[in-house]
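Enquirer: Numbering (the numbering used here), first residue to last: 34 to 1256.
The structure under discussion is supplied below as C-alpha cells; questions concerning it will follow.
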C-alpha cells in the first residue's frame, strides 16, 4: 500500500508538536510505526530507539507496537546485510537499534508512571518494594476505608454532615450518602490536583449577596445555555412564519405561530434592556406567550408544494413550542428563590465533599500500611515527582520525541504528565487519535483536550494538525452509509466536532475493486426493523440476525479474505454481533442460535458470575466460612455436593421446627444428623451427618490452608465429576479454572483467609468487575462472535450486525440527589428539612443538561465506532414499527441509536436500505428452513401410497394416506436390510478414527501404548496441589492433550523469518548450543516466548495455550534440519499449514468419505513432503511409526489426489524424541 500525502506528512514532519486526527481504518498504527522507524534509521538525524517515549492505551497495544517496530528494524537489517552497497555505519546503527529496542520505553501511560516512581520513590516517600494492587484488592480496601470514614463522621456528629446524610439518603438507611463517597472520589481523582479541584467544584454555592450571585459564573453559564435554547426556538418560529407568508393557503396557522414570533421578539427586546442578567426577564417573557389553537386546513385545497409546506410549518411550530416548554422547565423558580435554595444546600454539600477528602486520606493511609499503590496513585505520584524541575529536566533531555496513542481518551492528569516532560520551541509531542472514537467518558476521558488542540493547531507551520481520513478497511457501501448518517447529526455541539469534509471518510481500500463480482445491492447497508409481537425485543432481534446469517451463508455471500488474499464464501467466523451491553442479550442469543444450528462465542466482561458452576463453588465457600448464613448454605446443600432435594430440606425444617422456630438451617441439619440411635437412623439423618462432617472438615482445613488449596480440593474431590456431566462441560471446567486463578491472585494480595476471599469475590460481583466467561474459542474457530461495542474498538469484521439500536441510553448521571460534571462542578437537589420540600437547584439543572448532551455525544461516538467495524457489510437491527420514521427527533434529543439514525433521515436514505420484518416473517423463515425435513415425510407418504396401489387393497376414496398412519409403515420401512455388506461401515470417517481403530487393534493384541508406568502423553509434575481436572484428567489445562494442541497452534502461527545469507549444508548434531544447520540465525527460547506472548496479546491464542507451550521443544524443532527446510519453503511460498481435506476411499465395495487436517506440508522439487507433529510420550521411533503410518498414508493419498503432485516423503516429528522420523 502506497502512502497518502497526509500519511507522508505525519511520518516526515519534525520539530513541532503534531496532532494527527486519524479516522477509523486510516492506518494509524502503520503511520505511527513508520514514523518511529523512520526516526531511528534517518540518515541525517538518527535517534536511538530508547530515546523515544511511546505511550499507548493498553498493554496489548504496547506489545503490538513493540513487535511492529522490532520487525521493521529486523527486515531493514536483513535487507542491508544482503546489499553489498550498504554503508557499514547504517548496518551498525541498525544492529545497535535491534539491541536497544528490547529496553525501549514503549509502554502504557501507567507503565511509564510506574517507571518514574520506581526511579524516584524517595520523592513521594514510598518504600522501594511497593506493589501495584489489582482493582479487586483496591475495592476491598476502599470499602474498609469507607466504613471507617462513615463511622468517624457519625462519631463527630457534625450537624452539616448529619443534615447531608438526611438530604442524600432515604428514611430507611444512610446508604445514599455512603454510595456517593467513592464515585465522587473517582471523579475528583481524574484531576491532577484532586483536593483543589474538589473545592473548585463548590464555587457555584459560595456567592455572598444576591447581587454577587446574579453575576457569578454559574448564573452566567446558565444564562448562556438558556440563550442557546431561546435562539433555537426563535429560529424555528421565524422559519414557520416565513413559510406561512409564502403560501397564502396557510394563513389559518398564522395566529398561532405569530404568538410565538411576537413573544420571542418582545422577550428579546426586554433582555437587551436588562441590566442584571436575563434570567427573570426571559422567564416572564416566555410565561406570557399564549398561543391560540391551530386553524384547520384541508389538504384537498392545497397544491403539492403547499402540502409539504404545511407539514414543515407544523414541525417548526412544534419545535418552537417544545423549546419554550424546555426553557421554562429549566426555570421552575425565579432567580431569588434559586439563590436561597443554593444558600440552603451549601453547607450540606461542603460537608459531603469534606467527608470525601477524609475518605481519601484514610484510603491513602491504608494503602501505605500495605505498601501498595493503585492506578490513580501512579498518575498522581508521577506528576508530583515530575513537578521537581531537576527530575523533569532529566526526562526532557532523555526523550527526543514523545508519542501518545489514543490521545482522545486522555484525562487531565495524563495531559499534565506529558506537559511536564515535553520540550518547547520546537515541540516534540506526537499525538494521534480520533475524537469521533472517544468512548471512555465513564473513565473520566476528556475529548475536549483533543478538541482544544484540534481547533488551535494549524495545517502548516508551528504546531501542526494533520488529518488522516482515507479508510483502507471498508467497502464503499459501508463508508457511504457511515458518512450519510454522521454528516447530518454530528456537530460541534453534539459530538464535539462537525462531521464535514475534513472528517468524512474517504474510501481507499483497493482490495475489493476486482475481488468480488457484486451481485445487485448485496453489499448495501441494511436497517432491519420490526415489531416483536409476542417475542421480547431481544428474542426478535436474535431471530432476525440468525435468519440473516443463515441466508447469507446458504446463498454463498462472498467476502474477501485479507490474510489469504482470496475471495471466498462467508463462514460463521466472518460475522460479528455488536451490542451495547452483553447482559440482556447473551442468554437469548445463545438459545436462538443453538436452535438455528449456529455456533456462537460470547466475548465480553459479563456473565461469569451468573454461571451455575461458579455460583455453586462460591456458595460452598461461603457456607464453609459461615455455616449460619442460610442462603449460601441452602445453595450448597441443594447443589450436587450436598445432594439434598427440596423435599428433604422441607423435611429437615419440619423435623426441627417444634424445637425452635428461630433455628438457622445449619442447626436444623445438625439436629437431624444427631437424631436417632444406631439401629434406628434414617437415610436422611446419615445424609445430614455426612454434609455436616464435610463442612467441619473444610472449616478445620481453612485455618491452615490457603484459599487456593481449599478451592482446588473442593473442585477436585467433590465437584468436577458433576460438572463434567453437565452440558458445555468444557466451558464450565474452564470457568472453574478461572475461579482458581482468581483465588491464586487473591493469595498475592494483602488479604488472607476464606472470609476475606468471600468478601473479595462479593466486591468483584457488586462492582461488576466481571471478566466474562473463560475463553475456550480461538480466533480461527468458525463461530459467530457476540461482543460489546466497546470491546470491538480497534477490530474489524467482514460482516457486522449492530443490534439493539432502539435501546434507550443510560441516563444515570442525569438523576439522583447529587450529580456532577467536570464543566460545572456539583449540582444537588435542594431539600428543606424543616418544611419537608425539595426540588431542583440551578446548578443541578445546568449540570443535568450538560450531562445529557455529553451522554448523547458519547453514544453518538459509540455508534460511529460500531458502524465503522464493518469491512464489507453493515446491518443495523432494532425493534420499531413501520410508522417509526414518522416520529423523528432532533439528534440533540435522541434517546437511542435509532433516534440518531432517524435524525439523519430526510425522506429517504441514499445508502441504507430500510427493511421491515414481523414475528410472522420469522416464523415463516423458520418454516422454510424446515422444508427439507418436511419433504422427507412427503416422500414417505408417496412411497406408502404407491405400495397401497400395488396391493390393490384400497378403494379410490381410501387411497389417501393419513400422516397419523406413518408409524405403522415406518416399522415396515425400517425392517433390517436382508443383505448388508457391512453393518458397521460408516459413511464418513476421520483420519483419527482410523488411527484409533489401529490402536484398538493394538490393545486387543495385548500391545502396550507406552512404557510401563508412563502415561501416553507427557505431564509436568506440579509444584503445588493442582486439581486432577487441571492435571490432564478430563478437561486439562496442563496435560498432554492440551500440550499437543498448544504445540500445533504455535506451529500454525509461527512466522518463519527469511533464510539467512549463509545457508548451506546441514548436519544432524543435537543440543550442542549452536544452530545445528549452521545456517541462518538460531531461534532462541526467548524469541519463542516473546512470540507466544505476542500471539496471546493479539488474541490468536488463549492464556492456557500460551502457558502450555514448551519453548525448548519449539526452539528445538525450528532449529532442526526439518524446521529450516520448512522456513525455506515458507520463503518460497511453498509451505502450507493446517490444511483440511475430504477424500473418498473404497471400503467393502462402498465409497466412504475420510476427512482430516494435515499439520503441514511443503513442496520441494515438484514433490510433496508431509509433516505431522506428535507429542506422544514414547521411547522409540518405531512406536510412532506403527501407530501413525496409516494416518500419514491417508494424508499422502489425499494430497496426491488434490494437487496431482507426487508425495516424496512422510515425516513424523516427535517432540519427545526431538527428531524427525521418515516413514
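Each residue gets a CB set at the ideal place from its N, CA and C atoms; glycine is no exception.
Please read these numbers as outputs of a predicted model, since none were measured by experiment.
#1: Nearest by alpha-carbon distance to residue 709: which of 575, 150, 208 and 722 is it?
#2: To the nearest angstrom, report how far apart residue 1258 and residue 853 are at their CA atoms.
#3: How would you call residue 307, buried or exposed, if buried means at least 16 neighbouring beta carbons within 10 angstroms?
#4: Check residue 528 in the structure and name its three-state DSSP category.
#5: Excluding the five sequence neighbours on either side, which residues of its own chain have a C-beta within less than 7 Å of the C-beta of residue 500, listed in chain order?
#6: Starting from the C-beta of residue 357, find all residues in its chain whose C-beta is less than 7 Å away, skip the five residues before and the five after it, and write them out in chain order.
#7: Would DSSP call residue 1167 helix, strand or coil?
#8: From residue 876 to residue 190, what distance separates their C-alpha atoms?
#9: What's the C-alpha gap between residue 563 and residue 1121?
#10: Is the CB-CB distance between residue 780 and residue 739 below 8 Å?
#11: In three-state DSSP terms, what is residue 38?
#12: In the DSSP assignment, the alpha helix (DSSP H) including residue 1247 goes from what residue to what residue?
#13: Considering just the uninterrupted stretch of the alpha helix (DSSP H) at residue 777, what are its terminal residues?
#14: Could you tell me whether the stretch 406 to 420 touches the stretch 894 to 902, where touching means 3 or more Cβ pairs closer than 8 Å?
#15: Residue 175 and residue 440 - do their beta-carbons sit closer together than 8 Å?
#16: Taking 8 Å as the cut-off, decide whether the C-beta atoms of residue 734 and residue 748 are in contact.
#17: Is the stretch 1188 to 1201 touching the stretch 1232 to 1250 in the sense that three or more CB pairs, one from each, lie closer than 8 Å?
#18: Which residues mark the beginning and the end of the beta strand (DSSP E) in which residue 950 is found?
#19: What did DSSP end up calling residue 594 once you bin it into helix, strand or coil?
#20: For the candidate residues 886, 942 and 866, whose alpha-carbon lies nearest to that of residue 200?
#21: With the cut-off set at 8 Å, would you say residue 512 and residue 908 are in Cβ contact?
#22: As a quick exercise: from 1142, 1161, 1162 and 606, pick the residue whose alpha carbon is nearest that of residue 1208.
#23: Quick one, which of 505, 84, 262 and 333 has its alpha-carbon nearest residue 61's?
#24: Are there 16 or more other CB atoms within 10 angstroms of the CB of residue 759, so buried, or fewer, so exposed?
#25: Helix, strand or coil: which one does DSSP assign to residue 68?
#26: Quick one: using the 10 Å Cβ neighbour count with 16 as the cut-off for buried, is residue 188 buried or exposed?
#27: Given this structure, state the Cα-to-Cα distance separating residue 24 from residue 879, to the nearest angstrom.
#28: Whole angstroms is fine: what's the gap from residue 129's alpha carbon to residue 1165's?
#29: Can you find the residues in the same chain that come closer than 6 Å, C-beta to C-beta, to residue 149, ignoring five residues on each side of it along the sequence?
#30: Please classify residue 923: does DSSP put it in a helix, a strand, or coil?
#31: Hey, is the stretch 515 to 527 in contact with the stretch 936 to 943, meaning 3+ C-beta pairs nearer than 8 Å?
#32: Can you tell me whether DSSP reads residue 1006 as helix, strand or coil?
#33: Hey, would you say residue 728 sits closer than 8 Å to residue 657, going by beta carbons?
#34: Counting C-beta neighbours from all protein chains within 10 Å, is the total for residue 115 16 or more, i.e. buried, or is it exposed?
#35: Considering only C-alpha positions, which residue in the set 882, 849 and 891 is nearest to residue 871?
#36: Compute the Euclidean distance between the alpha carbons of residue 558 and residue 447, then round it to the nearest angstrom.
Expert: Put simply:
#1: The shortest Cα separation from residue 709 among 575, 150, 208 and 722 belongs to 722.
#2: For residue 1258 there is no data in the structure shown, the boundaries of the chain being 34 and 1256.
#3: So residue 307 counts as exposed.
#4: Secondary structure at residue 528: strand, using DSSP grouped into helix, strand and coil.
#5: Excluding the 5 residues flanking it on each side, residue 500 has same chain C-beta neighbours closer than 7 Å at 39, 54 and 535, in chain order.
#6: Same-chain partners within the cutoff: 266, 319 and 322.
#7: Residue 1167: coil per DSSP, three-state reduction.
#8: One C-alpha to the other measures close to 28 Å.
#9: Residue 563 and residue 1121: Cα-Cα distance of roughly 52 Å.
#10: In this structure, residue 780 places its C-beta atom within 8 Å of the C-beta atom of residue 739.
#11: Note: residue 38 maps to helix in three-state DSSP.
#12: DSSP places residue 1247 outside any alpha helix (DSSP H); the residue lies instead in the beta strand (DSSP E), whose first and last residues are 1240 to 1247.
#13: Run containing residue 777: 762 to 780, per the alpha helix (DSSP H) assignment.
#14: Taking a contact to require three or more Cβ pairs closer than 8 Å, the stretch 406 to 420 and the stretch 894 to 902 do not qualify as touching.
#15: Going by C-beta atoms, residue 440 is not nearer than 8 Å to residue 175.
#16: Their beta carbons are not under 8 Å apart, which means residue 734 does not touch residue 748 by this criterion.
#17: At 8 Å Cβ cutoff, the stretches touch.
#18: Under the DSSP assignment, residue 950 falls in the beta strand (DSSP E) whose first and last residues are 945 to 951.
#19: DSSP places residue 594 in strand when its eight states are reduced to three.
#20: It is 866 whose Cα lies nearest to the Cα of residue 200.
#21: Against a cut-off of 8 Å, the Cβ pair of residue 908 and residue 512 comes out as no contact.
#22: It is 1142 whose Cα lies nearest to the Cα of residue 1208.
#23: Nearest option by C-alpha distance: 505.
#24: By the C-beta density criterion, residue 759 is exposed, having fewer than 16 other C-beta atoms within 10 angstroms.
#25: Three-state DSSP puts residue 68 in a helix.
#26: Only exposed fits residue 188, as fewer than 16 other CB atoms lie within 10 angstroms of its CB.
#27: Residue 24 lies beyond the range of the chain shown here (34 to 1256); nothing can be said about it.
#28: C-alpha separation (whole angstroms): 30 Å.
#29: Once the five neighbours on either side are set aside, the close Cβ partners of residue 149 are 415 and 418.
#30: In the displayed model, residue 923 falls within coil according to three-state DSSP, outside both helix and strand.
#31: Touching, per the Cβ criterion.
#32: Note that residue 1006 scores a pLDDT of 47, beneath 50, so its modelled location is shaky and nothing firm can be said.
#33: Note that the C-beta distance between residue 728 and residue 657 is below 8 Å.
#34: Within a 10 Å sphere around the beta-carbon of residue 115 sit fewer than 16 other beta-carbons, which makes this residue exposed.
#35: That would be 849, whose Cα lies nearest to the Cα of residue 871.
#36: Looking at the two C-alpha atoms, the distance is approximately 39 Å.
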